[in-house]
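Novice: Residue numbering for the sequence shown follows numbering that gives the first Met the number 0, starting at 0 and increasing by one per position. All residues carry an ideal CB built from backbone N, CA and C; glycine is no exception.
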Amino acid sequence: MRLIFNPESYAMMNCPFCKSDRLRNSRFQPVDIFQLLLLRLPVRCRDCIERSYVSIPEWRRIRRESLIRREKRNHRESDQRPAESHSK
Ligand SMILES: [Zn+2]
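1. Mapping DSSP to helix, strand and coil, what is residue 26?
2. Whose C-alpha, out of 52, 25, 45 and 64, is nearest the C-alpha of residue 36?
3. Could you say which of 15, 45 and 38 lies nearest to residue 54 if we only look at CA atoms?
4. With a threshold of 16 other CB atoms inside 10 Å of the CB of residue 17, please say whether the residue is buried or exposed.
5. Could you tell me the distance, in whole angstroms, from the CA atom of residue 63 to the CA atom of residue 71?
6. Whole angstroms are fine: how far does the CA of residue 22 sit from the CA of residue 61?
7. Give every residue of the same chain whose Cβ lies closer than 8 Å to the Cβ of residue 45, excluding the five residues on either side of it in the sequence, and list them in chain order.
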């Protein structure tokens, strides 16, 4: 079974409401199951607090960036890159 994507929204990684790119992963809600069927995962905009959805690769990238950001905050001088040890 193949689902049809809108290529524009599929590639989008900015907030559709305020165009900000400061997105973070959002907690799952029951309503997200429909977007999940479209292979899209929830994110929340840091600027306007609106919820939207991104493709799974985008979502993982956002998650990784937020993890790296947190790492940098904890260890200011860290030469080692955070390894992708979280295999899930
Ligand atoms: Zn926004």
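Specialist: By the coordinates alone:
1. Residue 26 sits in coil when the DSSP states are folded into three classes, being neither helix nor strand.
2. The shortest C-alpha to C-alpha distance from residue 36 to any of 52, 25, 45 and 64 is the one to 52.
3. 38
4. By the beta-carbon neighbour count (other beta carbons within 10 angstroms, threshold 16), residue 17 is exposed.
5. 12 Å
6. 7 Å
7. 19, 21, 22 and 23
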